[in-house]
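A.B. asks: Just passing along the structure, written as structure tokens.
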Amino acid sequence: MLINILFLRITLFLYFIGAALYLWNLVSNKKGIANVALWTAGAGFVVHTIAIIIRMAEAGYIPITSLHEAISFFSWAIILIFLITALRYRVSALGSFLVPLAFILMASVAIRPMAIRELPPMLQSAWLGIHTILILLGGAAFALSFVVGLMYLIQDRNLKAKKIDTLYRKLPSLDILDELNHKAIVFGYILFTLGIISGSIWAEYAWGTYWSWDPKQTMSAVIWFIYTAFLHARFTYGWRGRKAAYLSIGGFVTVIFTFVGINLIIKTIHNFTS
42 MLINILFLRI TLFLYFIGAA LYLWNLVSNK KGIANVALWT AGAGFVVHTI
92 AIIIRMAEAG YIPITSLHEA ISFFSWAIIL IFLITALRYR VSALGSFLVP
142 LAFILMASVA IRPMAIRELP PMLQSAWLGI HTILILLGGA AFALSFVVGL
192 MYLIQDRNLK AKKIDTLYRK LPSLDILDEL NHKAIVFGYI LFTLGIISGS
242 IWAEYAWGTY WSWDPKQTMS AVIWFIYTAF LHARFTYGWR GRKAAYLSIG
292 GFVTVIFTFV GINLIIKTIH NFTS
């Protein structure tokens, strides 16, 4: 337990340094900052991975059953999605938004880590891991689309104001941002859909019904319909640009409310307990 806490706090420190460097890079013309920030965030990801593995070895199950564990895994997934995207598209500005987001999430759990608990029988199922991992990875992809949507609106405003400054030069073109937003949502939509399907299978196994209209299930359906509407509007009506950016932002706000907010205000069968 103490080793796991140590690795989590090292992760938090590295994410903080990475976030600070990326924010500095966003407004600075100095070369090399983005590379140092990328290596720092990458190092944080490696340490975070080790922390998750240690937690799994100590607990005897995939550490995604408590709010503490789910938020930790969600921040890990965000950095994973960021590293893949940053290396694939060479868009360093993504780190100025995603790494701080991962740091904030980690700060909420790394400072006060939760003790390992005994899983109730209904949670001792492989479907739990499959369902939760798919949902959280899908949510991380939606986080990417959220950030890209914000970047699109910022860049669009800069262009309309003819504001050609350091921030403008750091952000990708509107076409690249729109394409990246679309790809992130498609990827997240596939994972999230598979997560809902696997969750329904697990629900039938655990509670004898595929769907019970639990508040979190209901909100997950709302999320699914939001992104279904996005894809339908894009393919049918050609929705792009600002409309797509606003929808991706609204969709992710709903994701965060569903992942965290519901657990704090409503008692459901999905509640994470300590």
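42 is the number of the first residue of the sequence shown in the working numbering; add one for each residue after it. From the three backbone atoms N, C-alpha and C, an ideal C-beta is built for every residue, glycine too.
Identify every run of the alpha helix (DSSP H) within the region 205-281, keeping only runs that are complete inside it and at least 4 residues long; order them along the chain.
C.D. replies: Those alpha helix (DSSP H) runs which fall completely within the region 205-281 and span 4+ residues are 207-211, 215-248, 256-278.
A.B. asks: For Ile237 and Leu108, I'd like the C-alpha separation in whole angstroms.
C.D. replies: Distance from the CA of Ile237 to the CA of Leu108, rounded to the nearest whole angstrom, comes to 19 Å.
A.B. asks: I need the boundaries of the alpha helix (DSSP H) containing Leu135, first residue and last residue.
C.D. replies: Neither: Leu135 is in no alpha helix (DSSP H) and is coded neither H nor E.
A.B. asks: How would you call Thr173, buried or exposed, if buried means at least 16 neighbouring beta carbons within 10 angstroms?
C.D. replies: buried
A.B. asks: Per DSSP, what kind of secondary structure is Arg158 in: helix, strand or coil?
C.D. replies: coil
A.B. asks: Under 8 Å, with one C-beta from each stretch per pair, do the region 96-107 and the region 183-190 reach the 3-pair mark?
C.D. replies: no
A.B. asks: Below 8 Å between beta carbons: does that hold for Ser137 and Leu64?
C.D. replies: yes
A.B. asks: Excluding sequence positions up to five away, which residues of its chain have a Cβ less than 7 Å from the Cβ of Leu135?
C.D. replies: Closer than 7 Å at the Cβ level, and outside the excluded window around Leu135, lie Phe123, Thr126, Ala127, Val188.
A.B. asks: Hey, would you say Leu175 sits closer than 8 Å to Leu235, going by beta carbons?
C.D. replies: yes
A.B. asks: Leaving out five residues on either side along the sequence, give the residues of the same chain with a beta carbon under 6 Å from the beta carbon of Phe144.
C.D. replies: Same-chain partners within the cutoff: Tyr56, Phe57, Ala60.
A.B. asks: By alpha-carbon positions, which one of Pro256, Gly73, Gln196, Lys284 ends up nearest to Tyr268?
C.D. replies: Lys284
A.B. asks: May I ask you to report which of helix, strand or coil DSSP gives Lys201?
C.D. replies: Three-state DSSP puts Lys201 in a helix.
A.B. asks: Note down the Cα distance separating Leu139 from Lys201, rounded to an integer number of angstroms.
C.D. replies: Distance from the CA of Leu139 to the CA of Lys201, rounded to the nearest whole angstrom, comes to 25 Å.
A.B. asks: Give me the Cα-Cα distance between Val227 and Lys257, rounded to the nearest whole angstrom.
C.D. replies: 22 Å
A.B. asks: Judging by CA-CA distance, which residue of Leu272, Phe266, Thr277 is the nearest neighbour of Val296?
C.D. replies: Phe266
A.B. asks: Quick check on the burial criterion: 16 or more other C-beta atoms within 10 angstroms. Buried or exposed for His89?
C.D. replies: buried
A.B. asks: Please classify Trp80: is it buried, with 16 or more other beta-carbons within 10 angstroms of its beta-carbon, or exposed?
C.D. replies: exposed
A.B. asks: Rounded to whole angstroms, what's the CA-CA distance from Ser315 to Pro104? Just pull it up for me.
C.D. replies: Any reading at Ser315 must be qualified, since the residue scores a pLDDT of 41, below 50, and its modelled position is unreliable; the value itself is stated next. When rounded, the distance between both Cα atoms is 13 Å.
A.B. asks: What did DSSP end up calling Asn66 once you bin it into helix, strand or coil?
C.D. replies: helix
A.B. asks: Indicate whether Leu53 and Ala148 have their beta-carbon atoms separated by less than 8 Å.
C.D. replies: Contact flag set, yes.
A.B. asks: Excluding five sequence neighbours on each side, which residues of the same chain lie with their C-beta closer than 6 Å to the C-beta of Lys211?
C.D. replies: Leu67, Ala134
A.B. asks: Where does Ser186 fall in DSSP's three states?
C.D. replies: helix
A.B. asks: Helix, strand or coil for Gly101 per DSSP?
C.D. replies: coil
A.B. asks: Suppose you measure from the CA of Asp216 to the CA of Tyr230; what does that come to, to the nearest Å?
C.D. replies: 21 Å
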